[in-house]
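What follows is one structure encoded as structure tokens, with my remarks underneath.
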Amino acid sequence: MAEALYQLNNLSKRYTRGKESITIFSDLTMTIDKGDFIAIMGPSGSGKTTLLNQLGGIDSSSSGEVLFEGSRIDNLSQSRLAKWRAANVGFIFQFYNLMPTLTAAQNVELPLLLTNLSGKERKRRVATALGIVKIADRSGHRPRQLSGGQQQRVAIARAIVADPKVLLCDEPTGDLDRTTADEVLQTLQLLNNELGKTIVMVTHDPSAAKYARRELHLDKGRFLEAEAELA
Amino acid sequence: MNDATLIRKSLFRNKTRAILLVLSIMTAFLIFSVLGAFSRALNSGVETAAADRLVTLNAINFTLTMPYAYWGRVDQVEGVQAVTHASWFGGYYQEPRNFVQSFAVDMESYFQVYPELVPIEGDMETLLARNDCAAIGQDLLQQYEWTPGQRIPLTSNIWSKPDGSRVWDVELCLVFDAEDQDVPTNYMMLQYDYYNESLAFNRDQIGWMILTTGDPAINDQVGRDIDALFTNSPAETETSTEAAFGQAFLEQLGNIGLILTLVIGAAFATILMIVGTTMVMAINERTKEVAVMKTLGFSPPRIFTHVLSESVLLSLLGGLIGLGLAALLLVGVSGALAGQFPGLRMTPTIIGQAVALMILFGLVTGLLPAINAMRTNIVTALGKD
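Sequence order for the protein chains is W and E. Just so you know, the numbering used here puts 157 at position 157 of the first sequence, and the rest follows in order with no gaps. Numbering-wise, the numbering used here comes out as the position in the second sequence, counting from 1, plus 1000.
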């Protein structure tokens, strides 16, 4: 039996806008196993990014629990959550979110500044991460000198360089053409298959979802149907 | 790469803006350092005043003289260790614009009362033996590029001789300097007797007396005794410490300290607002980057430290350039202004004050942006629901 990485218990998220209370989702309960690759799909406003944010500890829930490897993370302080993220989570965004003043290598090195690794070891890890995503030859380039696909590869390298347990991807191919998107998704699949990284990916794109082991469809704060096994 | 690289890269994200900010701060600290050096030079006489040295002036004001005989009487007052006198000569060389700060003094007692003045060329014996010999400070000698032994026709813009001439010919018999750079050496002294015997009017009068007590604790008593000696005389006196005299003299020029404080304060307040506002805007522009850093695991205190360091680095960068330029400027003008502003230079005190101010300036301007950055809400900043 697979070991659970995440356990969500009765998780709810509500916003108050003026006098109006908006429920994004309520009483969500789910498990994400180690080594899984999940695609969360759903229309805009369905709460998929909000759910991803809960998994990444960058947004707070209204009620319920988020457990990571058996320990609650939803009640940690901002500083402890930051430390937890640095050690366990790699984020990949739709618009890459690279630092424009840093080179590709420096962007990838950024999470390693939070570790106690030596400069030499950091360089070695950056080179490895850039090699995995096949962008080592662009290590000295700044983001504006790279194409969208190349930037996303750098973002993936940044996400994996600290060897996190889970990669949280928010529409990672939303800004890319089909061919480039496929290359990026193949890279994610490789990271899942070869390196055992647990991946949770939010996407609108059914073609992208096919790269995952299973799909979850979220609509109006509820999972619509039984998950589809794709692997 | 390390945190310092990250801070530096963030600071120069927008190079034009960063350079303009550096220039603004540079200007503020250039003004601060230069005016500070001028203020210090003006006050050097006050700062180097000996604690046990008193000055006796005509009680009405310091431009009025007193009888020469007072000198001998003061010498008899209990507690007076040594006493000398000086009279303002108001000299110039060749043309009135070539001002030469000069006094007619009794050389022997003058050098006793001012032991910090050290002869560096010529000899005291010749100086004392010859009536037309003058002693000149090193700064003044260099200002006019005179040489020891040279004869100088020194013209007074106050005094005249019976024949109508205003020129006293003197020979530069002795050059003096001081070990402490802050002690002014931008003046010359001619023999009182040489000056007095040729005067067409106001003979046997002296401008002021300077005396030492040997113990600052008895200053007040000695001062009172001296002034009591001349109560109800045609020239009553007022005795004060040398520092108080120097301060009172400076105040004749206006409250220099207040003017400098206002100028520096206005410059700083303006630049503080500009830099502070620009820093807030710059950090606001980078909200998304801050959110990404927080997402990657940079803690709020670390983000706070980054932004604050950025602001302090900016301030130090601009400030140190300003300080360096001020030092160069002072080196350039100190020679030409040695006559008016002896000891005009960058001092460790000014550097220390400026660096402390730079750090404070950086902390103040960076505080609000740092708090904003620390409190950045990741979800909002990333623009997602």
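Yeah, the Cβ is synthetic: ideal placement off N, Cα and C, and Gly gets one too.
Tell me whether residue 1205 of chain E sits in a helix, a strand or coil according to DSSP, three-state version.
Here residue 1205 of chain E is taken as the residue at index 205 of the second sequence, counted from 1. DSSP places residue 1205 of chain E in strand when its eight states are reduced to three.
Determine, for residue 1384 of chain E, whether the minimum Cβ-Cβ distance to residues of chain W falls below 8 Å.
As a working note, residue 1384 of chain E is residue 384 in the second sequence. For residue 1384 of chain E, the predicted model reports a pLDDT of 43, less than 50, meaning its position is unreliable and no value from the coordinates is stated.
Among W/205, W/221, W/194 and W/220, which one has its Cα closest to the Cα of residue 39 of chain W?
For this step, residue 39 of chain W is matched to residue 39 along the first sequence. Looking at the Cα atoms, W/205 is the closest of the given residues.
If you scan the region 1063 to 1137 of chain E from start to end, which runs of the alpha helix (DSSP H) of 4 or more residues do you find wholly inside it?
1069 to 1075, 1107 to 1113 and 1124 to 1129
Please classify residue 1051 of chain E as buried or exposed, where buried requires at least 16 neighbouring CB atoms within 10 angstroms.
Residue mapping note: residue 1051 of chain E aligns to position 51 of the second sequence, counting from 1. By the 10 Å Cβ count, residue 1051 of chain E comes out exposed.
Please list the terminal residues of the continuous alpha helix (DSSP H) segment that includes residue 84 of chain W.
Residue mapping note: residue 84 of chain W aligns to position 84 of the first sequence, counting from 1. First-last of the alpha helix (DSSP H) with residue 84 of chain W: 78 to 88.
Short Cβ contact (8 Å threshold) for residue 1234 of chain E with residue 1200 of chain E:
Numbered from its first residue, the second sequence carries residue 1234 of chain E at position 234. Numbered from its first residue, the second sequence carries residue 1200 of chain E at position 200. No, the Cβ-Cβ distance between residue 1234 of chain E and residue 1200 of chain E is not below 8 Å.
Report yes if the CB atom of residue 1036 of chain E is closer than 8 Å to the CB atom of residue 1182 of chain E, and no otherwise.
In the second sequence, residue 1036 of chain E corresponds to position 36, counting from 1. In the second sequence, residue 1182 of chain E corresponds to position 182, counting from 1. Result no, Cβ atoms of residue 1036 of chain E and residue 1182 of chain E do not sit closer than 8 Å.
Please list, in chain order, the residues of the region 1352 to 1375 of chain E that have any C-beta partner in chain W closer than 8 Å.
none
Residue 4 of chain W bridges to which residues according to DSSP?
Numbered from 1 along the first sequence, position 4 holds the residue referred to as residue 4 of chain W. DSSP lists W/33 as partners of residue 4 of chain W.
Quick check on residue 151 of chain W: buried or exposed, where buried means 16 or more other Cβ atoms within 10 Å of its Cβ?
Along the first sequence, one-based indexing puts residue 151 of chain W at 151. The residue in question, residue 151 of chain W, is buried, as its Cβ has 16 or more Cβ neighbours within 10 Å.
Take residue 1316 of chain E and list the residues in its own chain whose beta-carbon comes closer than 6 Å to its own, dropping the five residues that flank it on each side.
Position 316 of the second sequence, counting from 1, holds the residue named residue 1316 of chain E. Result list for residue 1316 of chain E: 1358, in chain order.
Contact belief for residue 1007 of chain E with residue 1310 of chain E at Cβ below 8 Å, rounded distance in angstroms:
For the purposes of this step, residue 1007 of chain E is taken as residue 7 along the second sequence, with counting starting at 1. For the purposes of this step, residue 1310 of chain E is taken as residue 310 along the second sequence, with counting starting at 1. At roughly 5 Å, the Cβ-Cβ gap stays under 8 Å, so residue 1007 of chain E and residue 1310 of chain E are in contact.
How is the beta strand (DSSP E) around residue 166 of chain W delimited, first residue to last?
On the first sequence, position 166 is the one that residue 166 of chain W refers to. 166 to 170 is the extent of the beta strand (DSSP E) around residue 166 of chain W.
Pull up the CB-CB distance for residue 1140 of chain E and residue 1098 of chain E, whole angstroms please, since I reckon it's below 8 Å.
By one-based count along the second sequence, residue 1140 of chain E stands at place 140. By one-based count along the second sequence, residue 1098 of chain E stands at place 98. Residue 1140 of chain E to residue 1098 of chain E, Cβ: 11 Å. No contact.
Quick check: what's the CA-CA separation for residue 1058 of chain E versus residue 1122 of chain E?
Translated into positions along the second sequence, residue 1058 of chain E becomes position 58. Translated into positions along the second sequence, residue 1122 of chain E becomes position 122. Distance between the alpha carbons of residue 1058 of chain E and residue 1122 of chain E is about 34 Å.
Going straight from the alpha carbon of residue 30 of chain W to that of residue 8 of chain W, what length do you get?
As a first step, residue 30 of chain W must be located in the first sequence, where it is residue number 30. As a first step, residue 8 of chain W must be located in the first sequence, where it is residue number 8. Their Cα atoms are separated by approximately 5 Å.
Give the straight-line distance between the Cα atoms of residue 174 of chain W and residue 1270 of chain E, rounded to the nearest whole angstrom.
Counting from one through the first sequence, the residue named residue 174 of chain W turns up at place 174. Counting from one through the second sequence, the residue named residue 1270 of chain E turns up at place 270. C-alpha separation (whole angstroms): 47 Å.
To which residues of the same chain is residue 1268 of chain E closer than 7 Å at the C-beta, ignoring the five residues directly before and after it?
Here residue 1268 of chain E refers to the residue found at position 268 of the second sequence. Around residue 1268 of chain E: 1028.
CA-CA distance, residue 1125 of chain E and residue 1087 of chain E?
Against the second sequence, residue 1125 of chain E aligns to sequence position 125. Against the second sequence, residue 1087 of chain E aligns to sequence position 87. If you take the alpha carbons of residue 1125 of chain E and residue 1087 of chain E, they lie about 22 Å apart.
Quick check on residue 53 of chain W - is its C-beta less than 8 Å from some C-beta in chain E?
Your numbering for residue 53 of chain W matches position 53 in the first sequence. It does: the Cβ of residue 53 of chain W has a partner Cβ on chain E nearer than 8 Å.
CB-CB under 8 Å to residue 1024 of chain E, same chain, minus the five flanking residues each way: which ones, in chain order?
Residue 1024 of chain E sits at position 24 when you count from the first residue of the second sequence. If we look at residue 1024 of chain E and ignore the five residues flanking it on each side, its Cβ neighbours are 1271, 1274, 1275 and 1318.
Give the C-beta separation of residue 1131 of chain E and residue 1193 of chain E to the nearest angstrom, bearing in mind that I take them to be a contact with Cβ-Cβ under 8 Å.
Along the second sequence, read from residue 1 onward, the residue named residue 1131 of chain E stands at position 131. Along the second sequence, read from residue 1 onward, the residue named residue 1193 of chain E stands at position 193. Right, the Cβ-Cβ distance comes to about 6 Å (below 8 Å), so this counts as a contact.
Distance check for residue 1305 of chain E and residue 1373 of chain E, CA to CA, integer angstroms please.
Sequence index remark: in the second sequence, residue 1373 of chain E carries index 373 (1-based). Sequence index remark: in the second sequence, residue 1305 of chain E carries index 305 (1-based). Taking the straight line from one Cα to the other gives about 10 Å.
Cβ of residue 1276 of chain E within 8 Å of any chain W Cβ:
Here residue 1276 of chain E refers to the residue found at position 276 when the second sequence is read from its first residue. Taking Cβ atoms only, chain W never reaches closer than 8 Å to residue 1276 of chain E, which makes this a no.
Check whether the Cβ atoms of residue 1354 of chain E and residue 1032 of chain E lie closer than 8 Å to each other.
For this step, residue 1354 of chain E is matched to residue 354 along the second sequence. For this step, residue 1032 of chain E is matched to residue 32 along the second sequence. Less than 8 Å separates the beta-carbon of residue 1354 of chain E from that of residue 1032 of chain E.
Assign residue 266 of chain W to one of two classes, buried (16 or more other C-beta atoms within 10 Å of its C-beta) or exposed (fewer than that).
An answer regarding residue 266 of chain W cannot be provided, because it is not within the stretch 1 to 231 covered by chain W.
From residue 1207 of chain E to residue 1246 of chain E, what distance separates their C-alpha atoms?
Along the second sequence, one-based indexing puts residue 1207 of chain E at 207. Along the second sequence, one-based indexing puts residue 1246 of chain E at 246. Approximately 15 Å, taken between the alpha carbons.
By the 9 Å beta-carbon criterion, what residues does the region 32 to 50 of chain W contribute toward chain E?
44, 45, 47, 49 and 50
Hey, could you find the ends of the alpha helix (DSSP H) residue 150 of chain W is sitting in?
Within the first sequence, the letter at position 150 stands for residue 150 of chain W. Annotation: the continuous alpha helix (DSSP H) that includes residue 150 of chain W extends over 148 to 160.
When DSSP labels each residue in this structure, what does residue 1148 of chain E get in the three-state scheme?
As a working note, residue 1148 of chain E is residue 148 in the second sequence. Coil, per DSSP.
Range covered by the beta strand (DSSP E) that runs through residue 1189 of chain E
To locate residue 1189 of chain E, count along the second sequence from 1; it is residue 189. Per DSSP, residue 1189 of chain E belongs to the beta strand (DSSP E) from 1188 to 1191.
Beta-carbon gap between residue 114 of chain W and residue 86 of chain W smaller than 8 Å:
Position 114 of the first sequence holds residue 114 of chain W. Position 86 of the first sequence holds residue 86 of chain W. Yes, these two residues count as a Cβ contact at 8 Å.
From the DSSP output, read off the bridge partner residues of residue 1241 of chain E.
By 1-based counting over the second sequence, the position of residue 1241 of chain E is 241. DSSP lists E/1054 as partners of residue 1241 of chain E.
Local Cβ density within 10 Å of residue 96 of chain W, reported as buried at 16 or more and exposed below that:
As a first step, residue 96 of chain W must be located in the first sequence, where it is residue number 96. Its Cβ being crowded by 16 or more others within 10 Å, residue 96 of chain W is buried.
Answer yes or no: does any C-beta atom of chain E fall closer than 8 Å to that of residue 68 of chain W?
Within the first sequence, numbered from 1, the residue matching residue 68 of chain W stands at position 68. No, residue 68 of chain W does not count as interfacial toward chain E.
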